[in-house]
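Sequential numbering of the sequence shown, starting at 1, is according to the UniProt record's numbering. Note sheet for the following structure.
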Amino acid sequence: MRNTRIIVILSIIIIPIAALVASFFPTTLAHLARFVRPESDTATSSATTVDKMASSITRAAPIVIDAVGKHTATVIFIHGLGDSGRGWMDAAQLWQSKPSLSEVKFILPHAPAIPITMNGGYQMTGWFDIRSIGDLESDDLSKIKLNEDKDGIMTSRAYFHSLIQAEISAGIAAERILIGGFSQGGAMSILSGLTAPVKIGGIIGLSSWLLLNQTFKDYVPAGDVNKETKIFMGHGSADPLVRYPLAVASQKKLTELGYDAKMTTYPGMQHSACMEELNDVERFIVSRLQR
């Protein structure tokens, strides 16, 4: 596996398929700040889990970057395939360094290691199985449905709902909780955020797409409480993995379903993030948490 790191900008190298999957999103070097809590070795989902599926999996405890000031808001940010929560520590600390986000706690979950069909069945960290790279190359959303790992998707959704509920139980208002992520993590953020049983503050999907698009409404709770929750989508025009037309089609589908999804395009960017995008995410978080 080959990884590259440019400051806090995250990128991949296009290499043979065996290594391509492993580099779906590279891990950045973890620089532990004084506000980062040490991780325990493992943690099993607690009693706050909203679905028994999630409670059956033993997971590494998320990285928690405590708020610099008084904790009044939380951002849950979810990594992509083959990565871990450590891969987004630099970005989270960059965001938190801004005075306007000093009250925000960041939670960076770790995906469990699961067999990935696209990787020859070998295990790697992932929120759900991906059966082939072709699944993500089409701009026809109906083709994605055929190969989706629904069980894995729903198990991860239950876990993210439990993280949201844990923050609410700790005293954070639901509308001051945001969920976001990159690639697989972004796809899970869009699904988990829009189908959460409480209205949250905002959703971020970077280099991602819409899961379960043909049956999406089946998973929306009564009242569709997040119908007006704003969604920020960011995507590179040169993404070779989650192709740009798929992101456009996903944003269009969300709009057709009545959701407030806006997408920003980053010309020439591949399956990665750039400083411009990270700054846009910062502005989005600030806008959603303004009092």
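Glycine residues also receive a C-beta, built at the ideal position from the N, C-alpha and C atoms.
Under a three-way DSSP split, which group does residue i fall into?
i	result
E277	helix
T155	helix
P99	helix
V284	Reading off the sequence, residue 284 comes out as Phe, not Val. If DSSP states are grouped into helix, strand and coil, F284 belongs with the helices.
Q136	According to the sequence as given, residue 136 is Leu; it is not Gln. Here L136 sits in helix by DSSP.
A187	helix
R243	coil
A73	strand
F232	strand
R59	strand
G120	coil
I168	helix
G80	coil
Y259	coil
L210	coil
I144	helix
F128	coil
A91	helix
K227	coil
residue 335	Coverage of the chain is limited to positions 1 through 291, which leaves residue 335 absent and any answer about it impossible.
Let me make sure I understand the geometry here. Which of the options has the alpha-carbon closest to that of residue i?
i	options	result
Q270	P245, L289, L241 and G120	L241
Q123	P115, L194 and Q251	P115
D239	I204, S272 and G185	S272
F182	C274, R283, Q290 and L289	C274
L81	L108, G185 and A174	G185
Y159	T195, S142 and G236	T195
S142	I285, K217 and L211	L211
A61	F77, V68, P109 and S84	P109
I285	Y259, I204 and K253	I204
R288	A174, M263 and D149	A174
residue 292	I133, A91 and R131	Residue 292 lies beyond the stretch modelled for the chain, which goes from 1 to 291, so this question has no answer here.
Could you check the C-alpha separation between residue i and residue j for me, to the nearest Å?
i	j	result
D151	P197	19 Å
F106	I190	18 Å
R283	Y266	16 Å
L246	W95	28 Å
S97	Q290	17 Å
E276	W127	27 Å
residue 293	Y244	For the chain, the structure presents residues 1 to 291; residue 293 sits outside this window and is missing.
T255	I65	33 Å
L278	G87	14 Å
D51	I153	Unreliable positioning characterises D51 in this predicted model, as indicated by a pLDDT of 45, which lies under 50. The coordinate reading is nonetheless provided below. One C-alpha to the other measures close to 12 Å.
Q93	S208	22 Å
D218	G236	30 Å
A249	Q214	13 Å
T58	S162	14 Å
T229	L136	26 Å
T264	K252	13 Å
Discussion item. Between the stretch 91-105 and the stretch 72-79, can you find at least three pairs of beta-carbon atoms closer than 8 Å?
Written reply: yes
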